[in-house]
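One structure is given here, and the rest of the page talks about it.
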Amino acid sequence: MLRNGVKKLTLQTSSAAIGFTSLLSAPDFLHYSRDHRTVYKVLEACRLSSDYKAASAIHTRIFKLGYGTYPSLVASLVSTYLQCDRLLLARKLLDQVFRLDFNVVIVNLVIEHLMGLGEYGFAKKCFHKTPVQDVITWNLMIGGYVRNGRFEEALSFFREMLDSNVEPDKFTFASVMTGCARLGAINHALWVHRLMTEKEIELNPILSSALIDMYSKCGRIQTAKEVFNSADHSDVSIWNAMINGLAAHGLPFDAIAVFSKMEVENIFPDSITFIGILTACSHSGLVEEGRKYFNLMSSRYSIEPQIEHYGVMVDLFGRAGLLEEAYAVIEAMPVEPDVVIWRALLSACRIYRKPKLGEVAIANMSCLKSGDYVLLSNMYCSMKRWESAEGVRELMKKKGIRKIRGRSWIELGGVIHRFKAGDRSHPETEGLYKVLDGLIQRAKLEGFLPQTDLVLMDISEEEKEGNLNHHSEKLALAYGILKTSPGREIMISKNLRICHDCHNWIKLVSKLLIRVIIVRDRIRFHRFEGGSCSCEDYW
DNA sequence: ATAGGGTTAG
Numbered sequence: 001m002l003r004n005g006v007k008k009l010t011l012q013t014s015s016a017a018i019g020f021t022s023l024l025s026a027p028d029f030l031h032y033s034r035d036h037r038t039v040y041k042v043l044e045a046c047r048l049s050s051d052y053k054a055a056s057a058i059h060t061r062i063f064k065l066g067y068g069t070y071p072s073l074v075a076s077l078v079s080t081y082l083q084c085d086r087l088l089l090a091r092k093l094l095d096q097v098f099r100l101d102f103n104v105v106i107v108n109l110v111i112e113h114l115m116g117l118g119e120y121g122f123a124k125k126c127f128h129k130t131p132v133q134d135v136i137t138w139n140l141m142i143g144g145y146v147r148n149g150r151f152e153e154a155l156s157f158f159r160e161m162l163d164s165n166v167e168p169d170k171f172t173f174a175s176v177m178t179g180c181a182r183l184g185a186i187n188h189a190l191w192v193h194r195l196m197t198e199k200e201i202e203l204n205p206i207l208s209s210a211l212i213d214m215y216s217k218c219g220r221i222q223t224a225k226e227v228f229n230s231a232d233h234s235d236v237s238i239w240n241a242m243i244n245g246l247a248a249h250g251l252p253f254d255a256i257a258v259f260s261k262m263e264v265e266n267i268f269p270d271s272i273t274f275i276g277i278l279t280a281c282s283h284s285g286l287v288e289e290g291r292k293y294f295n296l297m298s299s300r301y302s303i304e305p306q307i308e309h310y311g312v313m314v315d316l317f318g319r320a321g322l323l324e325e326a327y328a329v330i331e332a333m334p335v336e337p338d339v340v341i342w343r344a345l346l347s348a349c350r351i352y353r354k355p356k357l358g359e360v361a362i363a364n365m366s367c368l369k370s371g372d373y374v375l376l377s378n379m380y381c382s383m384k385r386w387e388s389a390e391g392v393r394e395l396m397k398k399k400g401i402r403k404i405r406g407r408s409w410i411e412l413g414g415v416i417h418r419f420k421a422g423d424r425s426h427p428e429t430e431g432l433y434k435v436l437d438g439l440i441q442r443a444k445l446e447g448f449l450p451q452t453d454l455v456l457m458d459i460s461e462e463e464k465e466g467n468l469n470h471h472s473e474k475l476a477l478a479y480g481i482l483k484t485s486p487g488r489e490i491m492i493s494k495n496l497r498i499c500h501d502c503h504n505w506i507k508l509v510s511k512l513l514i515r516v517i518i519v520r521d522r523i524r525f526h527r528f529e530g531g532s533c534s535c536e537d538y539w
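Heads up: the first sequence is residues 1 to 539, going by UniProt numbering.
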């Protein structure tokens with residue numbers, strides 16, 4: 001996906017920046033140009049198309065013109081070399097530049113580019129080799145780790161920063177809060193919020209949105225509401241954060257109420273507002289409301305639906321079992337449907353067992369990810385079409401695609417404990433498996449039947465059961481039960497969507513132990529209490 | 001003739 005993005009950008013940038021290519025090559029053009037801005041534009045076009053040859057010609061030219069210490073030019077050259085796999089050249093260039101004049105702006109730009117490329121390990125090396133780091137260097141590291149999904153590393157950089165002589169600022173906190181949000185780590189969140197208050201960092205719309213989002217994603221929707229109520233309401237982003245938070249918590253009517261309040265306060269919704277409202281409707285099966293708001297979007301607010309909005313609509317109809325309508329959305333949309341759209345349809349085909357349409361979806365997907373094969377295989381398994389499921393499994397093997405392992409984590413006493421499916425690496429493995437096995441036995445006595453039909457494997461029923469019993473969310477939950485006092489609420493987070501078996505099982509556990517259990521999966525919150533879930537089994 | 005960072009999203 002990233003690749004596609006880069007490619008698209010390349011085409012646009014090179015044609016816009018160097019509209020002269022039909023007449024002159026980039027280096028030829030530069031021969032006539034002394035303006036560093038133009039040099040930069042051409043160089044960026046080379047970088048985006050990984051044109052090593054042209055870049056090295058420009059390199060010479062830059063030094064000839066005496067621009068050898070210009071931050072943007074050097075940084076662009078360095079990352080062009082990196083993109084062309086000329087690691088040594090990149091390093092040599094940096095050494096040479098810093099011998100002339102060390103400049104922290106250059107380092108920062110290089111780190112920014114590296115983070116954009118997903119090369120956070122490399123960025124870290126740059127960071128540590130640099131003699132001086134300023135607040136922006138730190139922020140780039142923290143923000144870069146967050147954007148690359150490495151939240152815990154981001155937080156440890158933040159802790160290191162607090163020990164350094166550089167003070168965090170509002171930019172730092174915006175990134176750190178996003179990291180806490182994505183981790184769903186409430187103790188970290190509370191700590192960060194307190195720190196931000198202590199440091200007298202004033203809330204602006206961005207920080208308020210991040211704060212609302214952080215509390216929502218850490219399960220504290222009430223606190224999120226309080227932040228929202230006391231925040232300055234003039235910016236649409238805080239409304240969006242609130243609406244999306246309510247949507248994730250399965251509170252569609254609250255989300256709609258907030259949306260209606262926007263009208264009263266004269267705040268104009270934007271396209272993200274509608275993603276939130278439509279998602280809220282979709283996750284709760286509010287088909288008519290969803291349809292209404294989708295229409296209102298363009299008719300009343302003149303916001304043209306984007307591919308994302310069509311995606312939610314396909315999802316909304318699909319989840320509700322209206323497969324024809326979901327397909328009609330795809331056929332009628334004015335933009336080319338992408339993989340996410342087809343994936344939403346495939347997911348609905350899995351739930352409602354529509355293999356024909358599911359195969360249409362698969363056929364239209366340009367690049368299949370691990371999860372798509374699993375959906376397809378699950379669809380066949382649920383219909384007992386074992387040969388077809390086996391075919392999918394063979395295909396995965398042939399293509400070297402492995403099932404993404406589920407991961408769950410739980411924050412206890414400010415420490416995050418992670419578990420993979422079947423994990424035995426935690427120091428307290430023995431204790432937690434004892435708790436887990438005990439619960440599994442109790443559930444069995446209560447008549448709980450494991451749902452083995454979706455296990456993607458050609459193995460015996462008994463093995464399938466074992467497989468299900470050690471799903472990561474069960475491990476994290478068992479660990480939480482082991483380490484907390486009875487009656488305490490437990491929250492765990494998961495990287496994928498919760499499976500049916502775990503969902504049923506946790507419902508039962510919440511009843512047996514008389515405890516509130518909250519699971520935040522990739523899509524939304526599930527709040528289990530007294531044997532039922534807040535999602536009402538619609539997810 | 002030079003310059004860098006943050007939120008909400010299918």
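Glycine is no exception: its CB is placed at the ideal position from the N, C-alpha and C atoms.
- In this structure, DSSP gives Phe259 a helical state, which the three-state scheme calls helix.
- Judged by beta-carbon spacing, Leu316 lies beyond the 8 angstroms limit of Ser347, meaning their Cβ atoms are not closer than that value.
- Annotated three-state conformation of Phe158 is helix, per DSSP.
- Ile330: member of the alpha helix (DSSP H) spanning 323-332, first to last residue.
- Ranked by how close their Cα comes to the Cα of Leu395, the residues Ser237, Lys217, Lys369 have Lys369 in first place.
- By the 16-neighbour rule on beta-carbons within 10 angstroms, Arg522 is exposed.
- Excluding its 5 nearest sequence neighbours in each direction, Ala55 has C-beta neighbours in its own chain below 6 angstroms: Cys46, Thr80, listed in chain order.
- Annotation: Asp501 to Pro450 spans about 6 angstroms, alpha carbon to alpha carbon.
- Within the DSSP secondary-structure output, Leu412 pairs in a beta bridge with Val415.
- Following the DSSP letters along the chain, one finds Ser493 inside the beta strand (DSSP E) bounded by residues 490-494.
- Counting C-beta pairs closer than 8 angstroms gives three or more between the segment 128-140 and the segment 95-110, which meets the contact rule.
- Contact between Ala181 and Lys217 holds, since their C-beta atoms are separated by about 4 angstroms, short of 8 angstroms.
- By the Cβ neighbour-count rule, Tyr145 is buried, with 16 or more other Cβ atoms within 10 Å of its own.
- Under the criterion of beta carbons closer than 8 angstroms, Val435 and Ala476 do not qualify as touching, at roughly 12 angstroms.
- Under the three-state reduction of DSSP, Arg407 is assigned to strand.
- Between Ile341 and the set Tyr352, Lys356, Cys367, Arg353, the nearest pair of CA atoms involves Cys367.
- In this structure, the beta-carbon distance from Pro355 to Met383 falls below 8 angstroms.
- Taken through DSSP and simplified to helix, strand or coil, Ser164 comes out as coil.
- Here Trp539 is buried: its Cβ has 16 or more other Cβ atoms, across all protein chains shown, within 10 Å.
- A residue is called buried once 16 or more other Cβ atoms fall within 10 Å of its Cβ, and Ser299, having fewer, is exposed.
- As computed with DSSP, Cys533 is found in a beta bridge with Phe528.
- The continuous beta strand (DSSP E) containing Val519 extends over residues 517-520.
- In the structure shown, the three-state DSSP call for Lys420 is strand.
- Of the candidates Leu513, Lys507, Ser472, Leu513 places its Cα closest to the Cα of Ser485.
- Here Ile212 is near Val227, since their CB atoms are less than 8 angstroms apart.
- With fewer than 16 other Cβ atoms from the protein chains shown falling within 10 Å of its own Cβ, Gln222 counts as exposed.
- Under the three-state reduction of DSSP, Lys125 is assigned to helix.
- Just measuring C-alpha positions, the residue of Val258, Asp232, Ser230 sitting nearest Ile243 is Val258.
- Secondary structure remark: continuous beta strand (DSSP E) runs of at least 3 residues inside the segment 60-115: none found.
- Separation of Ser493 and Arg150 (C-alpha to C-alpha, rounded to the nearest whole angstrom) is 15 angstroms.
- For the segment 235-313, the continuous alpha helix (DSSP H) assignments of 4+ residues that do not extend past its boundaries occur at 236-248, 252-264, 271-284, 287-299, in sequence order.
- In the structure shown, Lys369 adopts coil according to DSSP, grouped into three states.
- Collapsing the DSSP output to three states places Glu394 in a helix.
- Shown here, Val374 sits in a helix according to DSSP, grouped into three states.
- Secondary structure note for Glu359: its alpha helix (DSSP H) is the uninterrupted segment 355-364.
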